[in-house]
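Beneath this line is the structure, given in structure tokens, with notes to follow.
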Amino acid sequence: MLADAVAAETYKVLRQRGGLFWGFCAVPLSVLLFNLMLDTWIGTRSPLPLALDFGQQVVRSLALGGNPIFQIFFIAGAVSIFSGEYRWETWRLLTPRNSRANLMAAKVILYAALTGLSLAALGAAGALHTLYAAALGARVALPGVDFPLTALGSSLASWAELLLLGLFVALVAILSRAMIGPLIAAISFAFAQAMALLILGAASAAPHWFAVFPGMSAWYLRAWMTGTEIAPGIFAQTALAALCGLFLLGWIGFLATAALLLFQRQDLTRE
Amino acid sequence: MSLAIPRGGVYGILGANGAGKSTFFRICLDLIRPTDGGVSVLGGAPSDAGLRRRIGAMIETPRYHPFLTARETLAMLARLSGVKDAPVERWLARVGLENAGGRRVHHFSVGMKQRLGIAAALIGAPELLILDEPTSGMDPVGIQEMRALMRELAEKEGVTILLSSHLLDEVQRVCDRVAIFARGRLAAEGRIDLLLAGQEKLRLLAVSQAALLAKLGARGTPDGDGVLVAVGRSEAPVLLRELITGGIDLIEARWVGGRLEQFYLEQVGHAG
Numbered sequence: 013m014l015a016d017a018v019a020a021e022t023y024k025v026l027r028q029r030g031g032l033f034w035g036f037c038a039v040p041l042s043v044l045l046f047n048l049m050l051d052t053w054i055g056t057r058s059p060l061p062l063a064l065d066f067g068q069q070v071v072r073s074l075a076l077g078g079n080p081i082f083q084i085f086f087i088a089g090a091v092s093i094f095s096g097e098y099r100w101e102t103w104r105l106l107t108p109r110n111s112r113a114n115l116m117a118a119k120v121i122l123y124a125a126l127t128g129l130s131l132a133a134l135g136a137a138g139a140l141h142t143l144y145a146a147a148l149g150a151r152v153a154l155p156g157v158d159f160p161l162t163a164l165g166s167s168l169a170s171w172a173e174l175l176l177l178g179l180f181v182a183l184v185a186i187l188s189r190a191m192i193g194p195l196i197a198a199i200s201f202a203f204a205q206a207m208a209l210l211i212l213g214a215a216s217a218a219p220h221w222f223a224v225f226p227g228m229s230a231w232y233l234r235a236w237m238t239g240t241e242i243a244p245g246i247f248a249q250t251a252l253a254a255l256c257g258l259f260l261l262g263w264i265g266f267l268a269t270a271a272l273l274l275f276q277r278q279d280l281t282r283e
Numbered sequence: 727m728s729l730a731i732p733r734g735g736v737y738g739i740l741g742a743n744g745a746g747k748s749t750f751f752r753i754c755l756d757l758i759r760p761t762d763g764g765v766s767v768l769g770g771a772p773s774d775a776g777l778r779r780r781i782g783a784m785i786e787t788p789r790y791h792p793f794l795t796a797r798e799t800l801a802m803l804a805r806l807s808g809v810k811d812a813p814v815e816r817w818l819a820r821v822g823l824e825n826a827g828g829r830r831v832h833h834f835s836v837g838m839k840q841r842l843g844i845a846a847a848l849i850g851a852p853e854l855l856i857l858d859e860p861t862s863g864m865d866p867v868g869i870q871e872m873r874a875l876m877r878e879l880a881e882k883e884g885v886t887i888l889l890s891s892h893l894l895d896e897v898q899r900v901c902d903r904v905a906i907f908a909r910g911r912l913a914a915e916g917r918i919d920l921l922l923a924g925q926e927k928l929r930l931l932a933v934s935q936a937a938l939l940a941k942l943g944a945r946g947t948p949d950g951d952g953v954l955v956a957v958g959r960s961e962a963p964v965l966l967r968e969l970i971t972g973g974i975d976l977i978e979a980r981w982v983g984g985r986l987e988q989f990y991l992e993q994v995g996h997a998g
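Quick note, the sequences are listed as chains A and B, same order.
Quick note on numbering: the first sequence equals residues 13 to 283 in my numbering.
Quick note on numbering: the second sequence equals residues 727 to 998 in my numbering.
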């Protein structure tokens, strides 16, 4: 039954070309094109002055999932998936054919899969542009032995953050039965976290409570997994990173449960 | 109210706007939960998703995903219902949309959407079909086609059909039994022919109306150039034989009255 719901949702979303492109293809495509144009511009005007680290380029691309500007596109993709049935009043067409739990779970699964694929494409975009730069004459350092782990860590942290945003969209869509509400609420949520991150600044000066904010947790976790400095000379601590990971999972669990419970009991006579 | 709907045949649900017809259907489909009491459908609870797969439904004006074609809509719904190798083309043809299968649904007229809704309700080969105003917005030819389809489904494929419609003439032609709702209560229920039996009269036209009236006595009342006789269908052959052997030259004998509309208005009026 869940498999049927996932198959139907996949069939439908693949034909929703606008939402599919802007939500999940536009970001990796634009990142790739921008980097290729930049590499070409620099390569044709002067020798590329810096050596590129292949591993770093891929990890940085994967970390773009935490960029609020790019998150807008993923939010748009989530809105097209979770708000569509309210927009077109089609829940009455679907709910007699499968359980509500399966219908909502199928949307979450599909959103998670599309987000994962998009992040993979982002990583591929980072790799491709580095290879292109190498072809233009840049010096490219090969990735170290820890590359697979750091790449995986960066992508998991980004994926968790994007999944959380998608579930937030789902919850607001169920509550509001609309498209605009979840879009604006999720964009505001993403930007508010980005502002909080700027304001709090160096994590070493911040108390542990900031881990409550999912965007902060994802950023800290990503920094720990990739060994990136969070402030000059300061690196993420393992214990706090673990706490951040737990908070992220907690947020995901809370949002998914709340969305499912509300949807199960929702009156669908008016959509 | 308490209502038991037997399997098989076409069952009509009638009532004024706000009587509770759509609410009843929505409860059967688990779109809403009853505040009191319960519903059993095909022997199980409507909340059972496996059971709901045995039900096909079209509630009010169907809504579809505008970016899907008719064919894609049916294919998607078949996947959702777990139907393998769904006969999409066959159902498109049965509802008269074989030439519109590749068109996006948002280009469809109201009547075409109704037809697609019926095909969508049938794509999973359901045992129970719930249709709320299925011919709304259709042209007369389409109404006739849908009526024939419903009778065929009920008689040849054994599908139980619950039908609500404001077109009482259509209900009388296609349904076997009806229930009349009025202000959330059950005003009347039963086989149409039995509910209307008391209203039906036999209208006789004879060469001599006077001779006919004299033969019938108190049983006959004049009606224009004919005579109305209150007699049951089972007694009609005996009466006709009696008249003919008694020397009455009959020109015409036909049943009149027994209109569902009249019965419905009486029931709704009593319930009010």
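Heads up, the beta-carbon is just placed ideally off N, CA and C, and yes, glycines get one too.
Quantities reported herein were computed from a predicted structural model and do not represent experimental measurements.
Under the three-state reduction of DSSP, B/A826 is assigned to coil, being neither helix nor strand.
Boundaries of the beta strand (DSSP E) harbouring B/Y737: V736 to G741, taken from the DSSP string. Nearest in C-alpha terms to B/L848, of all of B/Y737, B/L875, B/V836 and B/G827, is B/L875. By the beta-carbon neighbour count (other beta carbons within 10 angstroms, threshold 16), A/W53 is exposed.
Annotation for B/V814: the continuous alpha helix (DSSP H) segment containing it runs V814 to R820. Among the residues of chain A, those whose CB is under 7 Å from the CB of B/R779 are R109, following chain order.
A straight line joining the alpha-carbon of A/Y23 with that of A/Y144 spans about 35 Å.
For A/W100, the enclosing alpha helix (DSSP H) begins and ends at G96 to W100. Under the Cβ criterion of 8 Å, B/H791 is counted among the residues facing chain A.
Between A/E21 and the set B/L729, B/L794, B/V897 and B/A880, the nearest pair of CA atoms involves B/L794. If you draw a straight line from the Cα of B/K747 to the Cα of B/G735, it comes to about 19 Å. In this structure A/L183 is not in contact with A/A223, their Cβ atoms being roughly 21 Å apart against a cut-off of 8 Å. Straight-line measurement puts the Cα of B/G952 at about 34 Å from the Cα of B/I869. Within the segment 903-936 of chain B, the complete beta strand (DSSP E) segments at least 3 residues long are 903-908, 911-917 and 927-932, listed from N- to C-terminus. Membership of B/M784 in the beta strand (DSSP E) is indicated by the continuous run I781 to M784. Between B/M727 and chain A, the shortest Cβ-Cβ separation is not below 8 Å. Between A/S130 and A/F33, the C-beta gap is not smaller than 8 Å, which leaves the two residues out of contact. In this structure, the beta-carbon distance from B/I739 to B/S890 falls below 8 Å. Judged by DSSP secondary structure, A/W236 falls within the alpha helix (DSSP H) whose first and last residues are P226 to T238. The alpha-carbon of B/P860 is positioned some 28 Å away from that of A/R27. One alpha carbon belongs to B/E926, the other to B/L969, and they sit about 19 Å apart. With a 10 Å radius around the Cβ and a threshold of 16 neighbouring Cβ atoms, B/N743 comes out exposed. Identification of residues in the segment 798-830 of chain B having a C-beta nearer than 8 Å to some C-beta of chain A yields E798, A801, M802, L803, R805, L806, S807 and G808, given in sequence order. Under the DSSP assignment, A/T22 falls outside any beta strand (DSSP E), being part of the alpha helix (DSSP H) whose first and last residues are L14 to V25. Shown in chain order are the members of the segment 14-29 of chain A whose Cβ falls below 7 Å from a Cβ of chain B: D16, A17, A19, A20, Y23, K24, R27 and Q28. A/L76 sits close to A/F82, with the two beta carbons spaced by under 8 Å.
In the three-state reduction of the DSSP assignment, A/F266 falls in the helix class, which pools H, G and I. B/S890 has B/I739 and B/D858 as its beta-bridge partners, per DSSP. For B/A775, the nearest CB of chain A lies under 8 Å from its own CB, placing it at the interface with that chain. Here B/T947 carries a strand assignment [DSSP, helix/strand/coil]. Put simply, the segment 751-766 of chain B does not touch the segment 912-926 of chain B. Fewer than three CB pairs are less than 8 Å apart.
B/V867 and B/L755 have their alpha carbons spaced roughly 30 Å apart. Put simply, the backbone Cα of B/G770 is about 12 Å away from that of B/I781. Membership of B/L954 in the beta strand (DSSP E) is indicated by the continuous run G952 to V955.
Nearest C-alpha to B/A845 among B/E871, B/V900 and B/D865: B/E871. Look at B/L729 here: in three-state DSSP terms it is coil, with no helix or strand label.
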